[in-house]
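J.: First the structure, which I've put down as structure tokens, then a few questions once you've had a look.
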Ligand code: ZN
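Numbering (the working numbering), first residue to last: 113 to 272.
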């Protein structure tokens, strides 16, 4: 069976940067299962997998524009410290979720000043060229329930 829209696909993958450092990797005991064509993975990665079959291995290189975006300095902002008053002690490197005009953003604390906290709303993988090594373990039909939810249930997918 070929990978096509609404098929369940089970993959092993390793994500590295251009220096070959591993950023993320699926567990050999627990591969990733996703529903093709439903926005579960990066669109360009799903595009590269389209038409592949069980046992295929491929390398996919995605520039930042097709990955997690290009870093924007305008996303580094100073916010009043009192916004964090319920969060306890604030330290550089801490991450917070903030509700903004485009949904939930993940903010990373850069530095803490007297009155303000400098936060960075860029994705941690902004500006990174993504190198995916993917092996297709399985391709199967989705169940009605999976199709209606837009994601895979069971091993490697959602549990709810
Ligand atoms: Zn579901």
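The beta carbon of each residue, even a glycine, is placed where N, CA and C say it ideally should be.
1. Check whether the segment 212-230 and the segment 263-272 touch, using three or more Cβ-Cβ pairs below 8 Å as the test.
2. Taking any heavy atom of the ligand ZN as the mark, which residues have a C-beta closer than 6 Å to it, listed down the chain?
3. Under a three-way DSSP split, which group does residue 261 fall into?
4. Shortest alpha-carbon distance to residue 189 belongs to which of 230, 175 and 134?
5. What's the gap between the Cα of residue 112 and the Cα of residue 253?
6. Going by the CB atoms, is the gap between residue 243 and residue 144 shorter than 8 Å?
7. Alpha carbons only, please: which of 118, 124 and 235 is nearest the one belonging to residue 184?
8. Taking the runs of the beta strand (DSSP E) that are 3 residues or longer, which of them lie wholly in the segment 180-233?
9. Helix, strand or coil, according to DSSP, for residue 254 in the structure here?
10. Can you give me the start and stop residues for the beta strand (DSSP E) that residue 119 sits inside?
11. Taking 8 Å as the cut-off, decide whether the C-beta atoms of residue 146 and residue 153 are in contact.
12. Please state if the CB of residue 116 and the CB of residue 176 are separated by a distance shorter than 8 Å.
13. Can at least three beta-carbon pairs, one atom from the segment 123-143 and one from the segment 246-261, be found at a separation below 8 Å?
14. Using only alpha-carbon positions, find the residue among 199, 173, 258 and 266 that is nearest to residue 130.
15. Around the C-beta of residue 179, are 16 or more other C-beta atoms found within 10 angstroms, so that it is buried, or is it exposed?
16. Mapping the DSSP letters down to three states, classify residue 178 as helix, strand or coil.
T.: Taking the definition as stated:
1. Taking a contact to require three or more Cβ pairs closer than 8 Å, the segment 212-230 and the segment 263-272 do not qualify as touching.
2. 261, 263, 265, 270 and 272
3. To locate residue 261, count along the chain shown from 1; it is residue 149. It is helical.
4. Translated into positions along the chain shown, residue 189 becomes position 77. Among 230, 175 and 134, the Cα nearest to that of residue 189 belongs to 230.
5. Past the edges of the chain, shown from 113 to 272, lies residue 112, and the structure says nothing about it.
6. For the purposes of this step, residue 144 is identified with residue 32 of the chain shown, where counting begins at 1. For the purposes of this step, residue 243 is identified with residue 131 of the chain shown, where counting begins at 1. No, they are not a contact pair.
7. Locating residue 184 in the chain shown gives position 72, counting from the first residue. Per the Cα distances, 235.
8. 188-192, 207-212, 215-224 and 228-232
9. In the chain shown, residue 254 corresponds to position 142, counting from 1. Residue 254 falls in the coil class under three-state DSSP.
10. Numbered from its first residue, the chain shown carries residue 119 at position 7. 119-128 is the span of the beta strand (DSSP E), which, as asked, contains residue 119.
11. On the chain shown, position 34 is the one that residue 146 refers to. On the chain shown, position 41 is the one that residue 153 refers to. The answer is yes: Cβ separation under 8 Å.
12. Your numbering for residue 176 matches position 64 in the chain shown. Your numbering for residue 116 matches position 4 in the chain shown. Cβ distance not < 8 Å, so residue 176 and residue 116 don't count as in contact.
13. yes
14. By 1-based counting over the chain shown, the position of residue 130 is 18. The residue with the shortest Cα to Cα distance from residue 130 is 173.
15. By 1-based counting over the chain shown, the position of residue 179 is 67. Residue 179 is buried by the Cβ-count criterion.
16. Within the chain shown, numbered from 1, the residue matching residue 178 stands at position 66. Looking at residue 178 - three-state DSSP - the assignment turns out to be helix.
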